[in-house]
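Be aware that the sequence shown starts at 443, since it is given in the working numbering, and climbs by one per residue.
Just below is one structure, and these are the notes that go with it.
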Amino acid sequence: MKRNIISVLDMKDDMHQLVDLAIKLKAERGNHGDPLKGKSLAMIFEKPSTRTRISFDVAISELGGHPLYIHSGDSQMGHGETVEDTARVMSRFVHGIMYRAYDYKIMDRLGDAATVPVISGLDNLEHPCQALADMMTIKEIKGGFKGRKFVYLGDGNNVCNSLLYACAIMGIDMVACCPAVRMPNAEIMLGAARIAEENGSRIEASHKPYEACKDADVLYTDTWISMGDDTPVETATRIFMPYQINKDLLAVAKPDCIVMHCLPAHRNMEITDEVMDGPNSVVFDQAENRLHAQKAVLYTLLK
Ligand code: CP
Ligand code: NVA
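Laid out in structure tokens, this is it:
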């Protein structure tokens with residue numbers, strides 16, 4: 443049966459295996475023996491991308507398959523053809539569809555109508571492949587998940603939502619430290635808290651960065667203004683500046699705390715230059731791991 447990865451929940455039962463496979467594939471350094479020879483992946487983008495686009499393209503290519511980049515506005519989907527018809531037609535041509543969408547409801551419709559696997563490359567609710575790469579990065583650097591304290595700072599956005607599920611599944615203790623007006627999705631917070639309980643970890647909310655970051659193993663942030671969000675920069679700066687990752691905040695975490703950011707970063711907004719370029723930052727290893735994590739996803743879904 444075909445399988446979609448639209449939410450981190452779609453990886454609930456095998457996220458540990460996917461992380462381990464990603465680490466194994468990374469060690470193979472691109473020499474995988476073409477397990478996806480003859481398979482094509484359509485990549486539909488409604489929004490800009492650097493990491494997601496390049497890493498999926500290289501991932502399918504290094505596994506022996508073939509990527510097709512489609513900007514939605516240049517396809518008939520952007521000119522009135524329904525998402526269902528697009529999904530049905532594409533399913534006749536390709537073996538998998540990666541989709542970066544504005545609206546998770548359209549993502550779900552594409553996922554339901556396609557007869558080939560649909561993988562989210564981000565929508566307004568989640569960014570599951572980012573969260574998978576992030577868990578891989580934590581395992582590589584921290585050696586495991588249990589008992590680790592992860593603090594997300596800033597906007598309770600799509601990346602934060604996916605990290606809530608991912609930390610809960612892996613058994614990490616996570617604090618979503620966000621302003622009251624920009625907390626993560628309430629349903630996802632509750633769902634993640636339930637999963638965390640099953641795995642012996644905790645999901646918490648906080649509005650106090652210095653308290654939340656005490657003894658943290660991981661500090662994570664993302665842009666204060668996501669694609670499609672029309673919050674003015676002045677408003678975002680006022681709301682989020684207390685949540686900036688800077689050297690004073692990092693000082694309350696554990697000395698070997700790692701600092702993560704899904705990128706693109708807005709330097710000296712959500713993270714200072716000093717921290718992003720400092721010894722605790724792993725942001726570029728994290729970016730590289732998108733490639734390896736997505737190979738694990740493509741291999742598992744398309745082989
Ligand atoms: N982190 C991430 O998804 O980056 P892009 O927007 O460049 O794909
Ligand atoms: N939260 C950001 C992530 C970008 C990779 C956005 O949706 O724009």
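Cβ coordinates follow ideal geometry from the N, Cα and C atoms, glycine included.
None of the values given here were measured: they were computed from a predicted structure.
Within 10 angstroms of the Cβ of residue i, are there 16 or more other Cβ atoms? Answer buried if so, exposed if not.
i      : result
Ala464 : buried
Thr663 : buried
Phe535 : exposed
Pro674 : exposed
His521 : exposed
Thr524 : exposed
Pro570 : buried
Arg590 : buried
Lys737 : buried
Glu676 : exposed
Quick one: grab the DSSP three-state call for residue i.
i      : result
Asp715 : helix
Ala529 : helix
Arg644 : coil
Tyr511 : strand
Leu661 : strand
Ser497 : helix
Thr725 : A small correction: the amino acid at residue 725 is Val; Thr does not occupy that position in the sequence shown. In this structure, Val725 counts as helix in the three-state DSSP scheme.
Arg551 : helix
Met702 : strand
Ile687 : strand
Ser604 : helix
Pro570 : helix
Lys650 : coil
Gly520 : helix
Ala610 : helix
Glu639 : helix
Gly633 : helix
His474 : coil
Thr492 : coil
Ile667 : coil
Lys696 : coil
Thr742 : helix
Asp462 : helix
Name the one or two DSSP bridge partners that residue i has.
i      : result
Lys591 : Asp615
Leu483 : Pro509 and Gly538
Ile561 : Ile447 and Met540
Arg680 : In DSSP, Arg680 forms no bridge with anything.
Arg709 : Ile713
One question on the structure: do residue i and residue j come within less than 8 Å of each other, judged by their Cβ atoms?
i      : j      : result
Lys689 : Asp659 : no
Glu526 : Ala484 : no
Asn566 : Tyr541 : no
Ala507 : Ser482 : Strictly speaking, residue 507 in this sequence is Gly, with Ala absent from that position. Result yes, Cβ atoms of Gly507 and Ser482 sit closer than 8 Å.
Leu564 : Asn600 : yes
Ile561 : Ile700 : no
Leu478 : Leu505 : yes
Tyr607 : Leu451 : yes
Leu740 : Ala501 : yes
Gly538 : Leu733 : no
Ile611 : Met457 : yes
Leu605 : Ile687 : no
Arg471 : Leu705 : no
Could you tell me whether the Cβ of residue i comes closer than 8 Å to any Cβ of chain C?
i      : result
Leu744 : Protein chain content of the structure displayed is limited to a single chain, and chain C is not contained in it.
Exercise. Is the segment 570-582 touching the segment 630-642, taking contact as three or more C-beta pairs under 8 Å?
Worked result: no
For this session: Could you tell me whether the segment 507-524 touches the segment 448-468, using the rule of 3 or more Cβ pairs below 8 Å?
Result: no
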